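As structure tokens, the structure follows; a few thoughts come after it.
2 protein chains.
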Amino acid sequence: MNMDFGVDVISEDEYRRQRALYGPLTESVRRLINASLNTVVDADAVAEAQKKIDAIAELLETQQRAGVPMVHEHTGRPVVWSNPAVGLRNAIAPPMVIHHEDDGSCWSEFTLSGAYEGPPGRVHGGVCALVLDHLLGEAASQALTQPKFTGTISLRYRRGTPLGPLRAEAFVERSEGVKTFTRGYLKDANGPTVEAEGVFIQPAWARDAG
Amino acid sequence: MNMDFGVDVISEDEYRRQRALYGPLTESVRRLINASLNTVVDADAVAEAQKKIDAIAELLETQQRAGVPMVHEHTGRPVVWSNPAVGLRNAIAPPMVIHHEDDGSCWSEFTLSGAYEGPPGRVHGGVCALVLDHLLGEAASQALTQPKFTGTISLRYRRGTPLGPLRAEAFVERSEGVKTFTRGYLKDANGPTVEAEGVFIQPAWARDAG
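Chains A and B are the protein sequences, given in the same order.
In terms of numbering that gives the first Met the number 0, the first sequence is numbered consecutively and its last residue is 209.
In terms of numbering that gives the first Met the number 0, the second sequence is numbered consecutively and its last residue is 209.
Rendered as structure tokens:
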């Protein structure tokens, strides 16, 4: 339902229904992104593929939801399915699912394909930054339930991050007034590859509400 | 042609041919990413779309080039079309074209759509980091002609970056031994939104070759 204050509250059933429906669609779009990346089929085949892709896009464009934020009825958490770092419905996003622990830390285990490659065989440094900025933000905002914006973020690249299975984790170190100090790591099987520190800020409009 | 040292050197003609062929394909995949993001067509239509997308992916997968680096014959520059920050053939990449100036600085003007949204109406902080890490790397490596890896990068978010037309720019401040110190900005029409400093390192294997 669309509440007066412009938020769609969705039930657990509806959440599950949409996840089962749209998650696989995103997977198919991801497969297409990877297939287009290095294809060398001939010009006729490319033209044919392009025509079909445009037709599918046109179909999907016929009915679109407005960009109203969604909130899960039971958990109270925002459902950020269009997010470019973690959105279930955004094929740009690395295929991450974020897990939140009771101590406020969070983590994700996921696999990065060639679509995220910078130097040969390695994850693009900017993709490492995207992943870590998002994880730090999840920790700072208690799973996005608190409004928090990135103030500063610093990343130290210890060594190249290989494509393949990875783990990212983040936690809050301390809070001082409107600032939340966070730290996180991107890791492969041999330990940390990138280390991140981030300061997140509670926006002015949310300060009196506390 | 595939040289002995594992690099494809492509002529200007071949570069233009491939750009004209694959650039529009990437645009169509981008359109599909955006169309899937917020579609609410019914389950039958989603299933139909997914089946068609899988069929196109299967077609494009039949002939794939090996992940051999490409270099432009005349400019000597790497052709990084699969790069997730800037690749002409990577639909994940923000639609950036990087311009290099004679003084070693570089810049790009581009437009970010809802697929890059974090907070409502604003670019995801991690996407800002991806864009700036890439621009700083382009400046540090003289348009990717020198091997340079991100050592550290620090970003300061002055205010939210609105979706829409943006400009990113970067330049080298100084070099000390194997380190190159860079700075850059992400800007909207009202000036900088994010400021970045990055230190890039020449890898050990490239140091003697200098």
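Every residue gets a Cβ at the ideal spot worked out from N, C-alpha and C, and that includes glycine.
All figures in this text were calculated on a predicted structure; none of them were measured in a lab.
In this structure, DSSP gives S153 of chain B an extended state, which the three-state scheme calls strand. Put simply, the CB of I52 of chain B is near chain A, with a gap under 8 Å to one of its CB atoms. Leaving aside the five residues that flank V79 of chain B on each side, the residues in its chain whose CB is nearer than 7 Å to its CB run, in chain order, V85, G86 and L143. Considering only B:E116, B:G150, B:A195 and B:Q63, the residue with the shortest C-alpha distance to R157 of chain A is B:G150. Residue pairing of E116 of chain B in beta bridges, as defined by DSSP: B:V122.
One finds F148, T149, G150, T151, I152 and I200 in chain B with Cβ atoms closer than 9 Å to the Cβ of Y156 of chain A, taken in chain order. Only exposed fits D43 of chain A, as fewer than 16 other CB atoms lie within 10 angstroms of its CB. Separation of G75 of chain B and A169 of chain B (C-alpha to C-alpha, rounded to the nearest whole angstrom) is 21 Å. Assignment of beta-bridge partners to Q63 of chain B by DSSP yields A:T38.
Taking 8 Å as the cut-off, the Cβ atoms of S112 of chain A and L162 of chain A count as close.
In this structure, I52 of chain B lies near L31 of chain A, with their beta-carbon atoms less than 8 Å apart.
Contact annotation for I97 of chain B against chain A: no contact, minimum CB-CB distance about 13 Å [criterion: below 7 Å].
Fully enclosed alpha helix (DSSP H) runs of no fewer than 4 residues occupy 124-139 and 203-206 of the region 122-209 of chain B, in order along the chain. For a cut-off of 8 Å, the C-beta gap from H73 of chain A to E11 of chain A is around 6 Å, short enough to register as a contact. Listed along chain B is no residue with a C-beta nearer than 9 Å to that of G22 of chain A; the closest approach is about 11 Å. A residue is called buried when at least 16 other Cβ atoms come within 10 angstroms of its Cβ; V67 of chain B does not meet this threshold and is exposed.
With respect to the 8 Å criterion, R88 of chain A and T25 of chain A are classified as neighbours on the basis of their beta carbons. Contact between Q62 of chain A and V40 of chain B is confirmed by a C-beta separation of about 5 Å, below the 8 Å threshold.
In this structure, DSSP gives D102 of chain A a state outside helix and strand, which the three-state scheme calls coil.
Look at L58 of chain B here: in three-state DSSP terms it is helix. Each residue's CA atom was taken as its position, placing K178 of chain A and R121 of chain A some 33 Å apart. For V70 of chain A, the enclosing beta strand (DSSP E) covers residues M69 to H71. The beta carbon of E116 of chain A is closer than 8 Å to those of V122, H123 and L162 in its chain, skipping five residues each way along the sequence.
Contact annotation, L36 of chain A with L129 of chain B: C-beta distance approximately 17 Å; criterion of less than 8 Å not satisfied. In the three-state DSSP reduction, V8 of chain B falls in the strand class (E or B).
Within chain A, G66 and S81 have C-beta atoms less than 9 Å from the C-beta of G113 of chain B, given in sequence order.
Note that the C-beta distance between E196 of chain A and S140 of chain A is not below 8 Å. Against chain A, the CB of E60 of chain B has a partner CB under 8 Å away; the residue lies at that interface. DSSP places S81 of chain B outside both helix and strand once states are collapsed to three, so it counts as coil. Nearest CB-CB separation between E168 of chain B and chain A: not below the 8 Å threshold.
Look at L24 of chain A here: in three-state DSSP terms it is helix. In this structure, the beta-carbon distance from L131 of chain A to A167 of chain A falls below 8 Å. Not one beta carbon of chain A lies nearer than 8 Å to the beta carbon of A142 of chain B. If you draw a straight line from the Cα of G5 of chain A to the Cα of P118 of chain B, it is about 14 Å long. At a cut-off of 8 Å between beta-carbon atoms, N189 of chain B makes no contact with chain A.
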